[in-house]
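*Asks:* Counting in my numbering, the sequence shown tops out at residue 326, every number present. Just so it is clear, CB atoms sit at the ideal spot from N, CA and C, and this is done for glycine as well. To start, I am sharing the structure in question, which I have written as structure tokens.
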Amino acid sequence: MTETMTWAPAEITPSDGPLPGLLAGRLDELLLSAGAVVFRGFGISPSALDGVLDRVLRDRLAYVHGNSPRSHVGDRVYTSTEYPAEHTISMHNELSYSARWPSRLAFYCETAPGSGGATPVVSGAAWLAALPPGLRAAFAGGVRYTQNLHDGHGFGKSWQETFETAGRAEVERHLAGMPGTTWEWKRDGGLRITQVRPATVTHPVTGTEVWFNQADQWHHAALGDETAAALARIMPEEDLPQHVTFADGSPIDPAYVLEIRDRGLAAAVDVDWRAGDLLVVDNVLVAHGRRPYSGPRRVLVAMSG
């Protein structure tokens, strides 16, 4: 049996003090101790969001090399995801497949969902502890991600959308600065990127080891049997928009993929949204996802280095 760890994000309300002082004086400490902080009841309006984000995120980043479908809605502010409402988005750390990832995320609820739609969050240390020793040992050598980005027509995202540029040289400059990354431009104008990354990382301040990869999201087993079978009839696995193996190129057992996904979701704590809520996450210590929902839901996200 694996040890379970009790964890929950911190919740801050107006009874704890005025928001500007809390953001300036306590946020860094809270994130290191709790990993995630919910600011609830402060009535943050959409017009006030930019000012709040300026306090929360010291250097707002563009969503470059991101693989989730999003819309750009402000100054480096994006919709949190645009996957269909009926789907669960499994636990993950933003850009954990990359050599560069944001250190901090801020989620803002502009419109609360009619029902469901929580953002589950999970301690990366708790997720790691929930995985069987044999599975953790299998991933000790790391993982290899393969990403196929089309040139404007095809499955998944284009390289132009992914890197927020139409310039190949700018894409190459970005990739050249990432250790463990190789790439090739294909004859059809698309781009294939291969990255070898560890399965766990250690937080630079706390020293905590956390589960930190997206093997379960990139693996065809996570698509469901029918979808995976349909894609397999169309193209080889290595040509899918996203494909993952162990670092040495050997296949990952689908049973591992499903166990990773299910253990992460089972260990997660749901943040149920109310309009005006703000959730700030240390992107190494804590992973996030999304529960299915009905009705309107608009949650925005921004990130910093």
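#1: Just how far apart, CA to CA, sit residue 210 and residue 105?
#2: Using the Cβ count rule (16 or more neighbours within 10 Å means buried), how would you classify residue 27?
#3: Mind checking who residue 319 pairs with in its DSSP beta bridge?
#4: Is the separation between the beta-carbon of residue 308 and that of residue 164 shorter than 8 angstroms?
#5: For the segment 126-174, list the alpha helix (DSSP H) runs that are entirely contained and at least 4 residues long, ordered along the chain.
#6: Residue 300 to residue 59, Cα distance in whole Å?
#7: In chain order, what are the residue ranges of uninterrupted alpha helix (DSSP H) at least 4 long that sit wholly in the segment 175-231?
#8: Give a yes or no on whether the C-beta atoms belonging to residue 317 and residue 200 are separated by under 8 angstroms.
#9: So, does the segment 214-229 touch the segment 166-180, judging by three or more C-beta pairs under 8 angstroms?
#10: Suppose the cutoff is 8 angstroms on Cβ atoms and the five residues either side in sequence are ignored; what does the same chain contact list for residue 184 look like?
#11: Helix, strand or coil for residue 111 per DSSP?
#12: Can the beta-carbon of residue 97 be found less than 8 angstroms from the beta-carbon of residue 82?
#13: With DSSP collapsed to three states, give me the class of residue 291.
#14: My output table needs one value for residue 82: the three-state DSSP class, helix, strand or coil.
#15: In its own chain, which residues sit with a C-beta less than 6 angstroms from the C-beta of residue 297, not counting the 5 before and 5 after it?
#16: Short of 8 angstroms in beta carbon distance, which residues of its chain neighbour residue 100, apart from the five on each side in sequence? Order them along the chain.
#17: Among residues of its own chain, excluding the 5 on either side of residue 284, which ones have a beta-carbon nearer than 7 angstroms to its beta-carbon?
#18: From which residue to which residue does the alpha helix (DSSP H) around residue 238 run?
#19: To which residues of the same chain is residue 205 closer than 6 angstroms at the C-beta, ignoring the five residues directly before and after it?
#20: Return helix, strand or coil for residue 57, following the three-state DSSP convention.
#21: Do residue 138 and residue 312 have their C-beta atoms closer together than 8 angstroms?
#22: So what does DSSP say about residue 50, is it helix, strand or coil?
#23: Since residue 52 and residue 76 are thought to touch, with beta carbons under 8 angstroms apart, how far apart are those beta carbons, to the nearest angstrom?
#24: Does DSSP classify residue 23 as helix, strand or coil?
*Replies:* On the basis of the data shown:
#1: 29 angstroms
#2: exposed
#3: 132
#4: no
#5: 145-151, 154-159
#6: 4 angstroms
#7: 180-184, 189-197
#8: no
#9: yes
#10: 85, 86, 191, 192, 195
#11: strand
#12: yes
#13: strand
#14: coil
#15: 64, 65
#16: 91, 92, 94, 319, 320, 321, 322
#17: 148, 151, 152
#18: 236-239
#19: 213
#20: strand
#21: yes
#22: helix
#23: About 13 angstroms; that fails the 8 angstroms criterion.
#24: With a pLDDT of only 40 at residue 23, under the threshold of 50, the placement of this residue in the model should not be trusted; the figure read from the coordinates follows. The answer is coil: DSSP assigns residue 23 none of H, G, I, E or B.
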